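Below: the structure, in structure tokens.
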Ligand code: 0RA
């Protein structure tokens, strides 16, 4: 890191703003939410401060402990938060930093350096303190251990020296407040993904993570408890990691330069994949919506590769320039910038707005990438070759797409033949069900509300888009129908305003084939219609797995757990089921079961009435397992899966595009060994594919 950003610091520089009451009143304003995300956010806040210390070159090891009591402890070997008395507050700097909102030396927005500490809101440790029922800070400085404890942001006593030490550094332990958070359970896998990313961005620092929780959430139970992230390669190692299941073209290219606007670092590598994966950061904050640094990067990449291709006559005089999309096919890149006063914009405040960073990134990439290509002619030729291939494919795809669009237009507003469209033309109230198979399609067509529900049956498997370019994709009838039905186009001419349905529902059977088709569809949406996922328009229908009937009453169960709880409600233990059934056949039933059965009748989804006055003769429990949607009649399908007032649908969300990309590359890409490995390691855990 450049040294220019480290400056002399003293306790007086801390800007005093306000106390912590507003934080507890409106936690969402400061940490986004009080669910698990907010909980994780607190951990990031504390760790990010230590990362800052590492970035400034003062610390190289951070230890994170998830305690069995629900607390988290973060220790670094940096300079230690100052403990001297702050002129304005007349309190120790440590206390000031941890009890006053927006206080903090280098993270206070003064001029002494880049404000690097971050996360979504970049609010700092005082906010975490306010939202913790208990916090303890230890500072190892000047041979002493200084300590202060807090409850809900309030110090229990002044900072005091409690012992001697040779160590230097800071340890912050905090216990999130049960009164504030909806859950106290953190997800190790989510935390690890963040720590790994931070370790890449801070070359040379070691992040050690230890999970000491006795009871871990289900998704963590198979994970080791101890981790160490350390990457000497920094973001080059990140790019290598992004491409590790892919076949690379040339080496990872790494560029860095300090400009007057800020510091720019870029790593990139091409592979034989089709998709591009460019991940951007500003001051270590993942800018998922991109921004000026991304714009500058794209512009420079296109310009530099075209210039090189022309100069070396890979592009003939009469040939058109490569487009931005051509030079991004198969690209993995990490763009990381650091600047003094980052402006975050966009829906989720994760889009960099500083105009000067476009120029900075553009200048650095133009200069350094051109240099690299000159110095590595063989890699350069392979890269240009890959881009030319992409350009040719794009032209072929354009022709194919134009044909599709023309066909769509020719067929007028009637769209693909097998689409049963809805009558409403207001996209905001329209839904399209993408249904597996003609028979289920038939049931869905009869069962639907034709006012606002459209049905598109797909025959068999759709094409695996992970292994095909757009042109081949568009030659596939199933994919083609879907694209025309959606109405928003694809590729270069996509327009979400033309989308004909604001809810798109994937409805497949609850078996292996259904899961495969669902995955293929999810891949298609992830790769080509990501905006529909980002805006929450994609859903997966949840047809019931069982119909459980007893006498005249029946209930639907959507999961095995559901089934168990219904049976329990009816007073039938799973283990007794067999027995109970036998018993009924011979003798009728016992009092106790009868009582429970009556209660069960009051539950939702019951059928029939007046069963209460009937003398119970039979209590045979019948459990029907639905193997396919086709086994349900139209009414049942409507009632259980399509009726907006009763159905359960899973909205497809994506917390982490990078993880999703890795999953799709692994699951749907051409390489078999990684897929095998993935399936072997995850087979147990797969319930819902959460992308
Ligand atoms: C301001 C000044 C100095 C260190 C820090 C902040 C600091 C903060 C944190 C938060 C977590 N770990 C940290 N380590 C250091 C340095 C003052 C000096 O010694 O000159």
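In the numbering used here, the protein residues as written are 963 to 1653.
By construction, the Cβ of each residue, glycine as well, lies at the ideal position given by its N, Cα and C atoms.
Computed from a prediction, not measured in an experiment: that's the story for all the values here.
Cut-off 6 Å between Cβ atoms - residues of its own chain near residue i, not counting five sequence neighbours on either side
i	result
residue 1381	1418, 1447
residue 1290	1238
residue 1375	Unreliable placement is indicated for residue 1375, whose pLDDT of 44 sits below 50; the coordinate value is still reported in the next sentence. Cβ neighbours of residue 1375 beyond the five flanking positions: none.
residue 981	none
residue 1170	1025, 1190
residue 1353	1284, 1288
residue 1135	1033, 1035, 1098
residue 1013	1160, 1164
residue 1260	1286
residue 1251	1308, 1312, 1313
residue 1168	1023, 1192
Residue i, buried or exposed, once every other Cβ within 10 Å from all chains shown has been counted against 16
i	result
residue 1357	exposed
residue 1176	exposed
residue 1336	exposed
residue 1124	exposed
residue 1100	buried
residue 1549	A caution first: residue 1549 carries a pLDDT of 31, below 50, which makes its placement in the model unreliable, though a value can still be read off. Residue 1549 should be labelled exposed.
residue 1455	exposed
residue 1062	buried
residue 1440	buried
residue 950	Because residue 950 is not part of the residues shown, which for the chain are 963 to 1653, the question remains open.
residue 1039	buried
residue 1587	exposed
residue 1005	buried
residue 1563	In this prediction, residue 1563 scores a pLDDT of 38, lower than 50, which makes its location untrustworthy; no coordinate-derived value is stated.
residue 1298	buried
residue 1589	exposed
residue 1613	exposed
residue 1080	Note that residue 1080 scores a pLDDT of 41, beneath 50, so its modelled location is shaky; the value from the coordinates is reported in the next line. Result: buried.
residue 1506	buried
residue 1577	Residue confidence is low: residue 1577 scores 46 on pLDDT, short of 50, so the model does not pin down where it sits. Its coordinate-derived value is still stated next. Its Cβ having fewer than 16 others within 10 Å, residue 1577 is exposed.
residue 1474	exposed
residue 1275	exposed
Element boundaries [alpha helix (DSSP H), containing residue i]
i	result
residue 1269	1254–1273
residue 1091	1087–1092
residue 1528	1522–1531
residue 947	This structure cannot speak to residue 947, because the chain is shown only from 963 to 1653.
residue 1017	998–1017
residue 1492	1492–1496
residue 1596	1596–1599
residue 1434	1432–1436
Where the beta strand (DSSP E) containing residue i begins and where it ends
i	result
residue 1057	Not the beta strand (DSSP E): residue 1057 falls in the alpha helix (DSSP H), residues 1055–1061.
residue 1024	1023–1028
residue 1664	Any answer about residue 1664 is impossible in this case: the structure gives the chain only from 963 up to 1653.
residue 1121	Residue 1121 -> no beta strand (DSSP E), and no H or E assigned at all.
residue 1135	1131–1138
residue 1286	Run containing residue 1286: none; DSSP gives neither H nor E here.
residue 1108	1106–1113
residue 1509	1508–1512
residue 1611	1611–1613
Residues near residue i in its chain [Cβ-Cβ closer than 7 Å; skip 5 each side]
i	result
residue 1552	Unreliable positioning characterises residue 1552 in this predicted model, as indicated by a pLDDT of 29, which lies under 50. A coordinate reading is not provided.
residue 1465	1393, 1499, 1501
residue 1595	1405
residue 1030	1174, 1175, 1176
residue 1401	1592
In the stretch 1446–1483, which residue ranges form an unbroken beta strand (DSSP E) of at least 3 residues, counting only runs that do not cross its ends? 1465–1469
Enumerated in chain order, which unbroken segments of the alpha helix (DSSP H) with a length of 4 residues or greater are wholly contained in the stretch 1315–1373? 1318–1337, 1339–1372
Output the residue ranges of the beta strand (DSSP E) runs that lie fully inside the stretch 1180–1239 and measure 3 residues or longer, sorted by chain position. 1188–1192, 1210–1221, 1224–1233
Please give the ranges of any beta strand (DSSP E) in the stretch 1375–1401, keeping only runs that are unbroken, at least 3 residues long and fully inside the region. 1393–1398
Enumerated in chain order, which unbroken segments of the beta strand (DSSP E) with a length of 3 residues or greater are wholly contained in the stretch 1152–1180? 1168–1173
Cβ contact check for the stretch 1285–1300 and the stretch 1344–1354: 3 or more pairs under 8 Å: yes
Is the stretch 1203–1215 close to the stretch 1318–1329, with three or more CB pairs under 8 Å? no
Tell me, please, whether the stretch 1216–1227 touches the stretch 985–994 by the rule of three or more beta-carbon pairs shorter than 8 Å. no
Cβ pair count under 8 Å reaching 3, the stretch 1296–1315 against the stretch 1382–1389: no
Measuring CB atoms only, is the stretch 1136–1151 touching the stretch 1088–1103, in the sense that at least three cross pairs come out at less than 8 Å? yes
Should the stretch 1338–1345 be called in touch with the stretch 1239–1246, which here means at least 3 C-beta pairs below 8 Å? no
Any chance the stretch 1147–1160 sits against the stretch 1178–1198, with 3 or more Cβ pairs inside 8 Å? yes
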